[in-house]
Structures are given as C-alpha cells and as structure tokens.
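Asker: Protein chains in written order, with my numbering: chain A, 1 to 335; chain B, 1001 to 1335.
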DNA sequence: ACACCGGGTCGAAGCGCTTCGACTCCACCC
DNA sequence: GGGTGGAGTCGAAGCGCTTCGACCCGGTGT
C-alpha cells in the first residue's frame, strides 16, 4: 500500500503538505498542488481509512440500522437503504449496514467504538428502546419514522396522518360512506410502529370530519388471511364500498378476492392503496394510491445527517407531504 | 471516550496487558483478567475501531456490493444482504453497504483505503468488470453468482443448471411434453447475468434428455407484459401444458391470466416457479417451486470470507443443491 | 528602512491500538 | 543447586494520518 509519506517523497514535499492538498484546509500554491496531485495519480495513492479516522476522529461512515424482519415492506426498506447508500456516497460517506438483530446494543457498540460518525435508524417504534441510548451517546442521528417523543431528535418520514386523511378525502369525495381499512399485520400494531397508527389516526379524523364510517382491520399478507379478513368486513359492514390498503402483501389478494366475489373495481368498490409506486402500477388493476417516497426518505435522511455533521442546524421533524395519484381502482360510489 | 490506557490505569496494569486480555493472544493470569474485565465493564470501554484498524491492519469489516437496480428480485437481494449482515456479526464483522452505482471504482476505493478486509459481490455478470480489479487488488473476495472465468475466485451460488433440470424432470415425470419457460426481463439476459442463462441451459439439456420441447421467453414483470408473452406462447405452441417461471414479478400475473383464460391450474396446465419460498406459498395458488436459498447464500458467502481471512483454504466454487417442493400448482399432464 | 502581515511550507506531536522483544518469577529436573 | 523453560507482564516502537505552531519570504504601509 502506498502511504502519504511516499507520495510526499515522490513529490518532493513534506507529508503535511500532501495532507493539506488533500483536505484543502490550508492554501497551497498551484504549482505544488499540481505536483502532488500528479504523484498521487502516478502512485495510485488512497488514504488509509483507519489512520484517517484515528487522526481526525471522523470516519466518514454513516451507520444504517435496518429492521431484521425480512417479511415486511421489504421493497420499501431496500429502496430506502439503497437511496441512503448512494446519497451518502455523493457526500463522501460510506454506509455501514446494521440489522435489528443486535438490538439496542448496536447503538452502544457503534457509538463506543467510533465506527461511524452518525446513525440512521429505520423502523422506529413509538417508544423505541434505542432512543435513550442514542440520546445518551450524543452521537448524531436521524430517524426514519416518528417516535412518541421527538425532543432533541431529527426525524424524516412521510406524513402518514395526512396520508390517511387524503385517502378518506378522496373516497368521501366520490360519495363513499363506508370505508374499510386493511392494515398491516397485527404484529406491526403491537410493536407500536408509529406509521401504522398514525395512518389510522389520520383516517379516523378525516372520517369523522366527512361523516364517513371507518372499519379498521389489521391483516397478515397472503390470500388466506385476506380471505378471512374480507369476509369479516362484509359481515360487519355489508355496505362497504371503499377500501384503503396499507399492506403490500394484501393488495393482490384483495383484488383477486373481490373479483372472485363478483365485485367489480371500481364500479362496485373502490380501492386506494398506500404503497410504493411499483406495486400500484404493477397490480392487476392499476391502483389509485399514495406513494411511499422511499427514495426521498433515504435521501433526506442522509442530507439531514450531513447537515448536522457540518454543524448546520436542521429541522427537528421533517414530514413529507403525501401525494395521491388517481388511477383505475377508484370511482364514484354505486347509487 | 474511554481509552485502553485509562482501563489499564484503572486496573493497575499496562496497556499491553489490557490489549492481550482483549485479544487473548497471550496468556493472562485469571486474577489479572478478572480485574481488567471489571475495569472495562465499569468504565464502559469500547476499543476504537480506527486505532485498531491502523495498528492491526484488520478492520473487521466486510464490504457488500449490491446491485443498484432496485427493480429486480429485490426480496432475494434484501434477504441475502440481511443474512450477510447477521452472519457477519456472529463472526465479529460489520458490513459496509456499497451500491453498484460507483461501479468497478468502488473495488479500487475499498481495496486502496483498506476500508474492509474482504468483499462480497452480488449480481455477478459473466464478464464482470469488477473481477480484473479484484484479482489485481489481491483483496479477499467471495462472489454470490458465477462468472465465466472463476479461476482464483471463490463463488457461492444456487446450482441453477441443476435447478432448471429439476423443474423439467418434475414436469416431464408428470407427462408434460411441451414446456414454456417464462424468464427474467430481457435486460437480465443482455447483461449476461450468469444465473438466468445457466437455468435455461439446465432446462434445455434436460429437455433434450427427456424429449420435452422447450420454449423460452424472457418477460418483464407485470400484467401487461405477461399478457403479451402468454398469448405469443400459446400461439406458437398451443399444446403447452407446463410452465417454468423464473421471475417473481411474473408469477401472479401468470396465474391470473391463466385463470382468466379458463385454464385451470394444475388440471390443465402445471406451473413450477423458481423463487423465494414466500412468493411460492403466498401466491394465489400454492406453487410447486424450487426455492432460492437466499439466507443460505448470504450465510455461506460470509463463512467463506471468514475462512479465507483465517487462512483456511476454501473451495473455489460452492453450488448449493436445489430442492423442489411439490405444492398445488403441478399435476399430471391432461390426456 | 523597518516592522508587519499573510500565503505557503515544514516538523513534530499525537490519535488509540497492536505487537515484538525483553524481563521477572517460579516450578521443576537432573 | 544451578540451569531451564514457560507463564505472565511490561515498555516501546510503530501503524498512516491530521493538525498545530513555527518558520521563511516577498510584498506593504509608513
């Protein structure tokens, strides 16, 4: 491996000069800079990350904690993760991938060992165990999601309350008076993952406001679970004409089952999905949906991290405004 | 941050002793060890990763390069990535997430800066640009996938040829004589991603062996593309009774369209999928399938890396044997 | 003419850890 | 009883980089 010292020698300058050429923290004459840069090229020099971290106490690494569960909103997670990684690179950072498995201990480990300059946490629960550790560690952090208490934390998330409200508004505007909400798996609510509850809150509030009846049912993905859930819904509320689905794995089963029961979409029932664009456009009926802006969330979280590391203040909570795209799964309520 | 020196002082020993307690590279008396461990606990000491990397030229980090494309076999990628991350942790490694975006340059960067001890590459193409750089860098590496030339490389992958053969064997055994293969998107073949081609090779070979006619059609996912592909297939080969699908995004559309056309599964046509278990069991018909052992692939690749880093020799190419699970989508060919 | 300033460069002191050689005991053996 | 060897510990020398203070020197103000 080529070292700074070798570059310095090759260029006929001191090591510190090379360092300053690299960092730009002191002015260097154009001629020296040229010479040094040339030597760097020629020798194929790459600064040693460890040495750099040690000397500067900056690692240029951002740790990303993704949930362990691989059975839920996987594409969204992946999209966020990739957006985080690519955005981080454009700011000169690399990303360390941590899974939820290690749990809160991971926070302590990363902070303690100075493995990363900052952390991004995904899949935040309302009363997330990691938060106390995070606060106490003093490490820069950004959450993707919204815990109950956000004091002192920077958060990025879709505005799920507004999302829920938007869905109801759309359906109510089309004349639907009874709406069923197909939610995430029960486990998601038990863990008090913020986004699921906030969506329902938004839905309920707008329901009250518009005089729409709301029935909320958590639902595992897959055909079997969806079948059970659907028949219970129609048992309890035979007049249901609107559906809001917030569970990727339930989308296709729902459409299938409705079809099997002879309920036409959107003539008999309307369906609004809260899901990634791809799922909405790739479904058997092109779905009216509110997109989950995974890329945007990943990107913004990194930008917030970078801003904080640069000492720039940043908003505490950034909620992205939802956008509803009308496609072919919603229409006027039947008379 | 607490340092080694502080721990040493607190325990009344020298810094090197603490280091040896931590690494176990020299014998330490039980009493001293106790004392040191106690001090470590009490002070909440965590070794500084940068300093460690610098002094030992070991980072305990494995770099994982995932493809940038977020539109293909995402769940599989994610599952592999998570398996890599969790397995790595059990061996004391962390994982650095690199996206394909940076391309081959990433290999040079990581190797040059000693950011990681080893690399795991996913989504390997037959003539992958990263391979020359990798060989030249001399860094430890493991590929998930199989390039054309594997000399000097360690690879882990599902045995896709055997997988293809297994599918044909199953269908042929049930009496099917005309089989259509719904492949990945055309782009996948254009990039010469090894696994797709190898599957088709295996299918063709076994087709010849069993006297089965094979028709292979790449196919984008989604309903529209699948519709086109399917009608072309039945145009060219009206007698087709067996399907092999290797494209998660085409599975549900295929089942749907067959149903719409009044072709019952498995009475009229049989379908074998090559996909993750979850997709197979969560589909509208529980699918006979060969599972893609994503977890296993991630796990094995890390184990290979760890073995190589420990100086233990390891097989050059490890192909995992496919397993076909019979479910409800295949049956005897109609008379 | 002198002091002063600031751009440009260098030397040296670490950053916190690993590791090598050396040293001290003490038990053990002929 | 002196030599041997191994277990247990320490000191010191880096690992490759950043960064602070100092230095040099030519231009400026007076």
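Every residue gets a Cβ at the ideal spot worked out from N, C-alpha and C, and that includes glycine.
Keep in mind it's a predicted model, so treat the numbers as computed, not measured.
Alpha carbon to alpha carbon, how far is residue 1085(B) from residue 106(A)? Give it in angstroms, no decimals.
Answerer: Between residue 106(A) and residue 1085(B), the C-alpha separation is close to 12 Å.
Asker: At a CB distance below 8 Å, what residues from the stretch 92-105 of chain A approach chain B? Give them in sequence order.
Answerer: Identification of residues in the stretch 92-105 of chain A having a C-beta nearer than 8 Å to some C-beta of chain B yields 94, 95, 96, 97, 98, 99, 101, 102, given in sequence order.
Asker: Alpha carbon to alpha carbon, what distance is there between residue 277(A) and residue 326(A)?
Answerer: 12 Å
Asker: Quick one: any contact between the stretch 63-70 of chain A and the stretch 119-134 of chain A, if contact means 3 or more CB pairs under 8 Å?
Answerer: A contact is defined here as three or more CB-CB pairs under 8 Å, and the stretch 63-70 of chain A meets this definition with respect to the stretch 119-134 of chain A.
Asker: Going by beta carbon distance, what residues of the same chain come within less than 8 Å of residue 102(A), once the five residues before and after it are set aside?
Answerer: 109
Asker: Taking the beta strand (DSSP E) that residue 235(A) belongs to, which residues open and close that run?
Answerer: Looking at the DSSP string, residue 235(A) is not in any beta strand (DSSP E); the run it does join, the alpha helix (DSSP H), is 223-236.
Asker: Kindly list, in the order they appear in chain A, the residues whose Cβ is closer than 7 Å to that of residue 1047(B).
Answerer: 113
Asker: Taking only three categories from DSSP, how would you classify residue 59(A)?
Answerer: Three-state DSSP puts residue 59(A) in coil, outside helix and strand.
Asker: Residue 65(A) by DSSP, collapsed to three states: which one?
Answerer: strand
Asker: Taking Cβ-Cβ distances shorter than 7 Å, what residues in chain B pair up with residue 252(A)?
Answerer: 1252
Asker: Give the residues of chain A in contact with residue 1258(B), contact being defined as C-beta atoms less than 7 Å apart.
Answerer: The premise fails here: residue 1258(B) is roughly 13 Å from chain A at the closest Cβ pair, so nothing lies under 7 Å.
Asker: Let me make sure I understand the geometry here. Which of 33(A), 92(A), 244(A) has the alpha-carbon closest to that of residue 7(A)?
Answerer: 33(A)
Asker: I think residue 1254(B) touches residue 1245(B), with their Cβ atoms under 8 Å apart; what is that distance to the nearest whole Å?
Answerer: 6 Å
Asker: Please report the straight-line C-alpha distance between residue 212(A) and residue 1157(B), rounded to a whole angstrom.
Answerer: 53 Å
Asker: Can you name, in chain order, every residue of its own chain whose Cβ lies under 7 Å from the Cβ of residue 1126(B), other than the five neighbours on each side?
Answerer: 1147, 1148, 1192, 1194
Asker: With respect to the beta strand (DSSP E) encompassing residue 1140(B), which residues constitute its N-terminal and C-terminal limits?
Answerer: 1140-1144
Asker: Using the rule of at least 16 other Cβ atoms within 10 Å of the residue's Cβ for burial, across every protein chain shown, is residue 239(A) buried or exposed?
Answerer: exposed
Asker: With a threshold of 16 other CB atoms inside 10 Å of the CB of residue 1206(B), please say whether the residue is buried or exposed.
Answerer: Counting Cβ neighbours within 10 Å, residue 1206(B) comes out buried, since at least 16 surround it.
Asker: In the structure shown, what three-state DSSP assignment does residue 219(A) receive?
Answerer: Residue 219(A): coil per DSSP, three-state reduction.
Asker: For residue 1003(B), tell me which candidate among 1042(B), 1089(B), 1047(B) has the shortest Cα-Cα distance.
Answerer: 1047(B)
Asker: The beta strand (DSSP E) with residue 1270(B) in it runs from where to where?
Answerer: 1270-1275
Asker: Starting from residue 1098(B), trace the beta strand (DSSP E) in both directions and tell me its first and last residue.
Answerer: Element bounds for residue 1098(B): 1094-1099.
Asker: Can you tell me where the alpha helix (DSSP H) with residue 180(A) in it begins and where it stops?
Answerer: Per DSSP, residue 180(A) belongs to no alpha helix (DSSP H); it is in the beta strand (DSSP E), 178-182.
Asker: Pick out whichever of 1243(B), 1229(B), 1321(B), 1172(B) has its Cα sitting closest to the Cα of residue 1209(B).
Answerer: 1172(B)
Asker: Would you say residue 134(A) lies against chain B (beta-carbon separation less than 8 Å)?
Answerer: no
Asker: Using only alpha-carbon positions, find the residue among 1283(B), 1204(B), 1080(B), 1043(B) that is nearest to residue 249(A).
Answerer: The shortest C-alpha separation from residue 249(A) is found at 1283(B).
Asker: Spatial neighbours of residue 1236(B) within its chain, please: CB distance less than 7 Å, with the 5 preceding and 5 following residues excluded, ordered by chain position.
Answerer: Result list for residue 1236(B): 1215, in chain order.
Asker: What is the rounded straight-line gap between the Cα of residue 1052(B) and the Cα of residue 95(A)?
Answerer: For residue 1052(B) and residue 95(A), the distance between alpha carbons rounds to 19 Å.
Asker: From this set, 201(A), 260(A), 203(A), which residue's C-alpha is nearest residue 230(A)'s C-alpha?
Answerer: 260(A)
Asker: With distances taken from CA atoms, which of 1050(B), 1331(B), 1187(B) is nearest residue 1272(B)?
Answerer: 1331(B)
Asker: Within a Cβ cutoff of 6 Å, which residues of the same chain sit near residue 98(A), ignoring the five residues on either side of it in sequence?
Answerer: If we look at residue 98(A) and ignore the five residues flanking it on each side, its Cβ neighbours are 63, 65, 106.
Asker: Can you find the residues in the same chain that come closer than 6 Å, C-beta to C-beta, to residue 11(A), ignoring five residues on each side of it along the sequence?
Answerer: 35, 36, 39
Asker: Give me the Cβ distance between residue 1183(B) and residue 1132(B), rounded to the nearest whole Å; I'm assuming they're in contact under 8 Å.
Answerer: Contact flag wrong, Cβ pair sits at about 29 Å.
Asker: Which residues in the same chain as residue 1320(B) place their Cβ atom closer than 8 Å to its Cβ, once the five residues preceding and following it in sequence are excluded?
Answerer: 1156, 1157, 1158, 1159, 1293, 1296, 1297, 1300
Asker: Take residue 313(A) as the anchor and find which of 140(A), 256(A), 220(A), 269(A) has the nearest alpha-carbon.
Answerer: 140(A)
Asker: How many angstroms separate the CA atom of residue 1068(B) from the CA atom of residue 285(A)?
Answerer: Straight through space, the alpha carbons of residue 285(A) and residue 1068(B) are spaced by roughly 28 Å.
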